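Just so you know, the protein sequences line up as chains S and L, in that order.
Sequential numbering of the first sequence, starting at 1, is according to the working numbering.
Sequential numbering of the second sequence, starting at 1001, is according to the working numbering.
Ideal Cβ placement from N, Cα and C applies to all residues, glycine included.
None of the values given here were measured: they were computed from a predicted structure.
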Amino acid sequence: MPVRALARHRSDRYAEDYVQGRQATNSAGADSATRVEDWQERLDTLVAEVEAPGAAFGFQRGDERVLVASGVANLDTGQPMTPETLFPVASVSKVYTATLAMQLVDEGKLDLDRPVRELLPGFRVADPAATERLTPRHLLTHSGGIDGDKFDTFGRGDDAIERYVADCATLGQVHDVGATFSYCNSGAIILGRIVEVLREATYDAALREHLLTPLGATKTAMLPEDLIWRPMAAGHIKDESETLAVFDHWENDRSHGPAGGVVTNVSELLDFARMHIDLGIAPNGNRILTEETARSMRATQVEVPNPYEDVTHWGLGWELAERPGQPTVVAHGGDLLAHHARFITCPAAELTLCLLVNGNGADRIAKALFSPLLADAGVTPHEPPTPPETPAQVDPSRVLGTYQTPAVRVRLEADGDRVRSTFTIVSEQIAAMLPPNQRETIHELVPVEDGFYLMKPDDEGDPWQPVVFYESDGQDYMHAGLRAVRRVS
Amino acid sequence: MSLDQHTVQDLLESAARRHKVPGASLAVYADGQLTEAATGVLNVETEVEVTTDSLFQIGSVTKPYTASLIMQLAVEGRLDLDAPVVASLPELRLADQESAERVTMRHLLSHSSGIEGDHFEDFGRGDDVLERFVASCAALGFSHPVGATMSYCNTGYVIAGRIIERLTGQTWDTALAERIIGPLGLDHTVTLPEQALRFRTAHGHVGKLDEPAQLAPVWTLPRSVGPAGLVCATAADMVAFGRWHLDEGRTADDRQALSAAAVASMQDAVIDIPDQWTLGKSWGLGWILYDWDGRHVYGHDGATIGQTAWLRIVPDSGVVVGMLANGGRASDFYRDVYPVLMRELCEITMPSPLSPPDDLPDVETAAYAGTYERLGVRYELDVSGTGLAGKAIATGPLAEIDPDPVEELTLVPVAEGVFATKDPDEDTWTPMVFYELDDGSPYLHSSARATPKVSAKRVAR
């Protein structure tokens, strides 16, 4: 069913103004290859195809900026999606947190290589050696090894992040500090707490004062009372009857803010990216970061052990894709249950791409819209690997065994020429959030080559997930979904 | 009888236009049918249209919701309306502890405790705000002896909210959601901004009425005000809450969510309002009680930063009317809409608001001159011609955010002990009633609050 048929029909002044104002906002020339009308048509078609409620898309290439939006922000209210509609961008927030930290580096207030415990008195995690060694650089590069998926909640108060970090005292290790790379939400939150302490302000107040205000990002905010002034995109998921419905749950727990609590829109995301591309100078001329710092954020810091992911390395906050013969892609995605953000820049081409979708289908829309623009910039978009027609003849015994983090246990057993993986959520906290049938799931792994398998997706049509097996500092790991899982037997 | 949608829509639209109301929503339940209307914009900057499913802040219309929660707990035997509230909340400390220990829930719900009512402090946005608010009351005094008169008391409702938290083990927000919003099926009623975000939600407007409306500087009052005023709802949901009372505690799906006896007792007068013109005749438990044309009507008004709300229930006609607005000349707007609906739907002629007669009476004035003071305001009044003149000076934390902390007053005589003053921007007169408590102490009643005389002479300044 066409999703937009559900939207109520009413003339909306805001929408009319937006349509009238759009020509002014878009700076693409009439004879340009990137006519706004063409992008609008493409987006309209894609949104209808994937049955998303709505999407906002924008790109900037040099001085050319195109903003389009399609569908609705909220199926209940019928408000249109526009490029100005506020949208939770989830993990894209980590780049904002990284930027706030790097401003402190610029001011000489933060040394990335000085232990966190010296900045946060009383700070500790479960492993004393990790407590001793963990630095802000580890947190920015997801290489500290602390369990990254701690999602306990700490209320709405100004002490939420402080309490989260205090509660990290029992946080276990996925790997030793600095041993490998594993995507880490908790690290971003600890970094956010460092910002709070050094700025003597709540994270959201520090974000506003030191980044959003100088950037001219007047609509970006974190707290609902600061967001309710303007229309915002509701997330949508399918209900029991498989009907797309507004997801009635505010997902941005305040303590998780530095890892995922920023709410913004396409225009202001493009400005934020432009500041990074222009090495610290915002579109309004304000200097946000020093040139050196902005450059260091997108310089390679660590390698992603799984070479089949769409990102190959991590900078300070930024995801990087560095492929031979191509300019570096600097990016960060963000996903909540019902909001999906795709945010990609190619600084060499002065190109930023931004897509926000308030339902499913973000990757399909992004692929269709981003590919031609990336190709113009000399970037061949990463294609997720697909399984070979006939499984590769490899000896699976090398990878069989049990792998475990504080949150999940993975058991790999032989199943003919394939491998059967059983994922068990061992964190009671995470298990409690999941329906019982998702606390233990079984996936088939198909070998592609020695040490490289593809995990069959639950839904046909979704990409197969690459899984690699590797050794680092004498320890065996599997790496999937940007996370390392240590072999325990 | 009922009115068709066009009539209701025209009434709302024309009144909103006349009184510079940026946006408004109206729901009328009569003859077993709900009629809704909406006009204008939620926010003058975004210009998003008000629809009938838009949420507004209903402000103090929240108080009957909190009172209903208390009544549920009373029916369950978990509190006694006439026992001292310190029985439920032993840690409660006020400046006059002897008086504090005599305050009952009936006093709190009827605004007759005497506790200084306008103690507005921001304790942040955490789940501990009510606990911290109550802990901050230790220096709070009484503006009148316990039970001696009526004086509008936000503080009392926050204390009542804290007692709800204590007895249910939940935040006030959760208790309201589980005990009233859920059972009544009010799916467009919320208390926190993160819940309001998924709806079209109105923003308040402030500023001088001869200039374009400006957005209120903040969207919401501090969370500690919750039980006294932080419900957000559509007009239809607010009317559904009113219908729950009209239907003697039965929900729309015919479950008894509060006993009929408890619902009825909320409409029994506890205390008379000395100023009979501004709100109503007396206060029940949560409800303001009106005597309109000899008919029993109950309801409540609400005002937050730039948003206003009205709810009226006429039991003998089976009529409930709820209206919400986000700025403009609010009381004049109400005065244009409600009398029409009451006349058409209930054959009620609403009492005229107080206004001075053409020939001003010759009344006592010297006895009323002097200084009157309670928390938040000081009145300094002198004899002036046949009336009184002086000023109302905002004091305390609210004065700091008040752009105009000193208001010049000219009190025109209406009757013995009754004067009227008027904001030059509005048509509606504000009564100023001078009276004595049973113990003979002189008071001024205005804006629903009792203010004791602290000195006979105006303080020279």
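Once DSSP output is grouped into helix, strand and coil, what is the label at residue i?
{"i": "D44/S", "result": "helix"}
{"i": "I277/S", "result": "helix"}
{"i": "L104/S", "result": "helix"}
{"i": "F151/S", "result": "coil"}
{"i": "Y1334/L", "result": "helix"}
{"i": "E1101/L", "result": "coil"}
{"i": "G1032/L", "result": "coil"}
{"i": "I1348/L", "result": "coil"}
{"i": "D1291/L", "result": "strand"}
{"i": "C1232/L", "result": "strand"}
{"i": "G144/S", "result": "coil"}
{"i": "Q238/S", "result": "Note on residue identity: the sequence assigns Lys, not Gln, to residue 238/S. Of the three classes helix, strand and coil, the one that applies to K238/S here is strand, per DSSP."}
{"i": "H1205/L", "result": "strand"}
{"i": "P1356/L", "result": "coil"}
{"i": "E1248/L", "result": "coil"}
{"i": "H443/S", "result": "strand"}
{"i": "Q23/S", "result": "Because the pLDDT of Q23/S is 41, which lies under 50, any placement of that residue in the model is unreliable, and the number read from its coordinates should be weighed accordingly. If DSSP states are grouped into helix, strand and coil, Q23/S belongs with the helices."}
{"i": "W250/S", "result": "coil"}
How would you write the range of the alpha helix (DSSP H) that residue i sits in, first residue to last?
{"i": "M433/S", "result": "E428 to M433"}
{"i": "V122/S", "result": "Here residue 122/S is Gly; the residue named in the question, Val, does not match the sequence. Note, G122/S: premise wrong, no alpha helix (DSSP H); not H, not E."}
{"i": "I161/S", "result": "A160 to A166"}
{"i": "P466/S", "result": "First-last for P466/S: Q465 to S472, but that is the beta strand (DSSP E), not the alpha helix (DSSP H)."}
{"i": "Q393/S", "result": "Taken as a continuous stretch (DSSP letters only), Q393/S belongs to no alpha helix (DSSP H), as it is neither H nor E."}
{"i": "A245/S", "result": "Careful: A245/S lies outside any alpha helix (DSSP H), inside the beta strand (DSSP E) at L244 to V246."}
{"i": "K1063/L", "result": "T1062 to V1075"}
{"i": "E225/S", "result": "P224 to L227"}
{"i": "D476/S", "result": "D476/S -> not in any alpha helix (DSSP H); beta strand (DSSP E) instead, spanning Q475 to A480."}
Output the boundary residues of the beta strand (DSSP E) element that contains residue i.
{"i": "A129/S", "result": "Where A129/S is concerned, there is no enclosing beta strand (DSSP E), although the alpha helix (DSSP H) it sits in stretches over P128 to R133."}
{"i": "V1319/L", "result": "V1319 to A1325"}
{"i": "P1442/L", "result": "P1442 to S1446"}
{"i": "I1393/L", "result": "G1387 to A1394"}
Where does residue i land, buried or exposed, given buried means 16+ other C-beta within 10 angstroms?
{"i": "P1274/L", "result": "buried"}
{"i": "Q1005/L", "result": "exposed"}
{"i": "G416/S", "result": "exposed"}
{"i": "I442/S", "result": "exposed"}
{"i": "L1360/L", "result": "exposed"}
{"i": "R1125/L", "result": "buried"}
{"i": "M222/S", "result": "buried"}
{"i": "P1090/L", "result": "exposed"}
Report yes if the C-beta distance between residue i and residue j is below 9 Å; otherwise report no.
{"i": "V50/S", "j": "G361/S", "result": "yes"}
{"i": "L191/S", "j": "A126/S", "result": "no"}
{"i": "R1179/L", "j": "T1168/L", "result": "yes"}
{"i": "V92/S", "j": "L269/S", "result": "yes"}
{"i": "V1363/L", "j": "L1345/L", "result": "no"}
{"i": "T1052/L", "j": "A1038/L", "result": "yes"}
{"i": "N265/S", "j": "F87/S", "result": "yes"}
{"i": "A368/S", "j": "L46/S", "result": "yes"}
{"i": "Y308/S", "j": "F151/S", "result": "no"}
{"i": "R287/S", "j": "I161/S", "result": "no"}
{"i": "T1278/L", "j": "R1374/L", "result": "no"}
{"i": "A1269/L", "j": "G1284/L", "result": "yes"}
{"i": "P1431/L", "j": "Y1368/L", "result": "no"}
{"i": "L1341/L", "j": "A1202/L", "result": "no"}
{"i": "L148/S", "j": "R483/S", "result": "For the sequence presented, residue 148/S should be read as Gly rather than Leu. Yes."}
{"i": "T312/S", "j": "V330/S", "result": "no"}
{"i": "P136/S", "j": "V165/S", "result": "no"}
Quick check on residue i - is its C-beta less than 9 Å from some C-beta in chain B?
{"i": "G285/S", "result": "Here chain B cannot be found, since the structure's protein chains are S and L."}
Relative to the ligand ATP, is the shortest distance from any of its heavy atoms to the C-beta of residue i smaller than 8 Å?
{"i": "T135/S", "result": "As presented, the structure is devoid of all ligands, the ligand ATP included, so that no description of it is given."}
Between the segment 1296-1303 of chain L and the segment 1007-1017 of chain L, do at least 3 Cβ pairs fall closer than 8 Å? No: the two stretches stay apart, fewer than three of their Cβ pairs being nearer than 8 Å.
Closer than 8 Å is the cut-off here; do at least three beta carbon pairs connect the segment 1234-1250 of chain L with the segment 1049-1064 of chain L? Yes, since at least three Cβ pairs between the segment 1234-1250 of chain L and the segment 1049-1064 of chain L fall closer than 8 Å, the two stretches touch.
Assess contact between the segment 1146-1165 of chain L and the segment 1219-1231 of chain L, defined as three or more Cβ pairs (one per stretch) separated by less than 8 Å. Is contact present? Touching, yes.
Between the segment 1379-1393 of chain L and the segment 1406-1423 of chain L, can you find at least three pairs of beta-carbon atoms closer than 8 Å? In this structure the segment 1406-1423 of chain L lies against the segment 1379-1393 of chain L, because at least three pairs of beta carbons, one per stretch, are closer than 8 Å.
Would you check if the segment 1310-1328 of chain L and the segment 1072-1089 of chain L touch, i.e. whether three or more CB-CB distances between them fall below 8 Å? With the cut-off at 8 Å, the segment 1072-1089 of chain L and the segment 1310-1328 of chain L do not touch.
Touch check for the segment 96-106 of chain S and the segment 188-202 of chain S: three-plus C-beta pairs under 8 Å? Yes, since at least three Cβ pairs between the segment 96-106 of chain S and the segment 188-202 of chain S fall closer than 8 Å, the two stretches touch.
Spell out a yes or no on whether the segment 471-486 of chain S and the segment 400-416 of chain S are touching, meaning 3 or more CB-CB pairs, one atom from each, closer than 8 Å. The count of Cβ pairs closer than 8 Å, one atom from the segment 471-486 of chain S and one from the segment 400-416 of chain S, reaches three, so the stretches are in contact.
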